[in-house]
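Read through the structure below, which is laid out as structure tokens, and then see the notes.
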Amino acid sequence: MTPKGTRPSARGGKPQLSPQARYYLELMEASAIELAASGPDADEADRWASGVQDFVAFPKTPVGAQPPHVLDRARELGGPAGAVMTAALAAYGPSRHRNPACRQLEQMAAAGEAPPWATAVGSAAPVEALLWRDPWGEECAVTVIYERSDGSRHGLVVEIGWFMGGAACALDLVSEPDGLTSDDSGRTGVEPVSLADARALCLRALDVLTVLTAAEFDSGEALAVHEALDFEGMDMGFLVEQRLSLLPEGGSSEALFVSEPPDRSALLDEFIQTARPAREGDAEFSNMIAGLSLFGLLCRGGDVLHWTPCRVDTFVEDFIPGRSPADGPECLDCGEPHPDEYDPAFMSTVESAFGRWLRFAAEHCESSMDFLDENLHAATEAFGYWREQARKHRGGRQAVPDLWLPRAS
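For any residue, its number in our numbering is found by taking its place in the sequence shown, counting from 1, and adding 672.
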């Protein structure tokens, strides 16, 4: 058996290039020439070297150019472009091909073909790690600061979304992590963490992303999940894997992640049994409760009783409108009806019931009680935003009342 995209050589040497693998190799070469012509710095070269691995064949993803062919082409090309192709494999290529790539890069450097920015690819020694959290402890980012062999520093930033269970939502590489220092930076919400804890936090966030990406949801849930998985920095995956591997093991992710989400089903049932105003529609109320349950599970910590102003904003403005029980017009693309995001009857019920829910949650959750006034204000602002969107959606042809009437009336 040979990897897809190659075939054995009749002379027993390297596998011959398939047309697809040859195309990948040509793309990699052209990209390297363009990069070298721009005079990149070490961080730009690092980003490129990580992203270009999509053109290289790995054991788990054999479609691509085989590493021996990449090294041959890099040596033939020579100069900065050939050097950075070689450096990309040396730093982030398949593990068994990294040593040959390192030896080739050393030879090219000795011959004066490899500029400093190319030889610095993958160069990183961890120095310190920092955790930033917003005032509500929701949005967070871990920054690990590394030092290159020339003494310059750069930071690997892993942003962790408070929504979507604490999944990694963005990766970045910064040359000068402004203000993110452990000594008297004056920036609120920044605290030092151990390198081992930084590794544990980042790996946990990346694991959550992997699980959510692979999970199966019903059609309504899938829309919310996939819209929230708007991940940035996917091209840095190989770089992040390498940088995190340099950190010590044995850390804890408890600073952000709970071991088990609390079971709030009994309290949800209790809220469902409370008296409701006549203007709240039954189907609309049931859909709001289902939306609350899912949203609570998707939030980091998994506690549907814990509410902060930013959770309120996202729930009212982005999450709940699409969960209306009413079908909208048929979609021109698929021919199926979708929930109408501007359903006045549904949002009227949500506005009425959600305020009661925030008060109920505050009675049973100390953290929600601390933010109750802010949460109610955020809800008022968010429903105002929804009304404005509804007016735009209707083109001003139909008034949207301050208090919508339920469909049954």
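Every residue, glycine too, gets a C-beta built ideally from N, C-alpha and C.
Note that the structure is a prediction, hence the values are computed from the model and not measured.
Exercise for review: Within the region 934 to 1015, note down every full alpha helix (DSSP H) run reaching 4 residues or more, in order along the chain.
Suggested key: 937 to 945, 954 to 970, 981 to 986
Review point. Could you give the residue range of the beta strand (DSSP E) that holds R825?
Key: 825 to 832
**Study point:** Start and end residues, beta strand (DSSP E) containing R775
**Key:** For R775, there is no enclosing beta strand (DSSP E); the enclosing alpha helix (DSSP H) has its first and last residue at 767 to 782.
Practice item. Have a look at H741, E706, A759, A708 and flag the residue whose alpha-carbon is nearest the alpha-carbon of S722. Key: Measuring from the Cα of S722, the nearest candidate turns out to be A759.
Exercise for review: Give the straight-line distance between the Cα atoms of R666 and M836, rounded to the nearest whole angstrom.
Suggested key: Nothing can be reported for residue 666, as the shown portion of the chain is limited to 673 through 1081.
Practice item. Assuming M906 and R719 form a contact by the criterion Cβ under 8 Å, report the distance between their Cβ atoms to the nearest whole angstrom. Key: The beta-carbon distance between M906 and R719, rounded to whole angstroms, is 12 Å. This is too long to meet the 8 Å contact definition.
Review point. How many whole angstroms separate the CB atoms of A746 and A737, which I take to be in contact at a CB cut-off of 8 Å?
Key: That belief does not hold up - the Cβ atoms of A746 and A737 are roughly 11 Å apart, past 8 Å.
Review point. Curious, which full-length alpha helix (DSSP H) runs of at least 4 residues does the region 685 to 750 contain?
Key: 691 to 709, 714 to 723, 739 to 749
Point to revise | Reduced DSSP category for D844 - H, G, I as helix; E, B as strand; rest coil | key: In the structure shown, D844 sits in a strand (DSSP, three-state: E or B).
Exercise for review: Tell me whether the beta-carbon of E701 lies closer than 9 Å to the beta-carbon of S710.
Suggested key: no
Point to revise | L873 to P772 span [Cα, whole Å] | key: 33 Å
Point to revise | Beta-carbon spacing of G922, A868 below 9 Å | key: yes
Review point. Between A1025, W834, A842, which lies nearest to G952 when the distance is taken from Cα to Cα?
Key: Reading off the sequence, residue 952 comes out as Glu, not Gly. The residue with the shortest Cα to Cα distance from E952 is A1025.
Review point. Under three-state DSSP, which class holds R1063?
Key: helix
Practice item. Can you say whether G838 is buried or exposed, counting buried as having 16 or more other CB atoms within 10 angstroms of its CB? Key: buried
Practice item. Return the chain-ordered list of same chain residues with a C-beta closer than 6 Å to the C-beta of V930, the five sequence neighbours on each side being excluded. Key: G973
Practice item. Could you name the residues that DSSP lists as bridge partners for P864? Key: L802
**Study point:** D1083 versus A1054 - alpha carbon distance
**Key:** The structure shown does not extend to residue 1083, since the chain is modelled only from 673 through 1081, so no value can be given for it.
**Study point:** Spatially closest choice to P734 from E863, A693, A947, by CA coordinates
**Key:** A693
Point to revise | Cβ contact check for the region 944 to 951 and the region 974 to 991: 3 or more pairs under 8 Å | key: no
Point to revise | Rounded straight-line distance, which links the Cα of W1058 to that of K1064 | key: 10 Å
Exercise for review: Spatial neighbours of A840 within its chain, please: CB distance less than 8 Å, with the 5 preceding and 5 following residues excluded, ordered by chain position.
Suggested key: V830, E831, I832, G833, C874, A877, L878, V880, L881, F903
**Study point:** Under the three-state DSSP convention, the category E913 falls into
**Key:** helix
Point to revise | Pick from E863, L697, E942 that is closest to D806, judged by C-alpha positions | key: E863
Exercise for review: Kindly indicate which residue of G823, Y696, P712 has the alpha-carbon position closest to the one of V724.
Suggested key: Y696
Check your understanding: For A781, which residues of its own chain have a beta-carbon under 6 Å away from its beta-carbon, when the five flanking residues on both sides are left out?
Key -> Around A781, the same chain offers T791 as residues with beta carbons nearer than 6 Å, after the five sequence neighbours per side are excluded.
Review point. Run through DSSP, which three-state label would A797 get?
Key: Strand at A797.
Practice item. Along the beta strand (DSSP E) that carries E811, what are the first and last residues, could you check? Key: Run containing E811: none; DSSP gives neither H nor E here.
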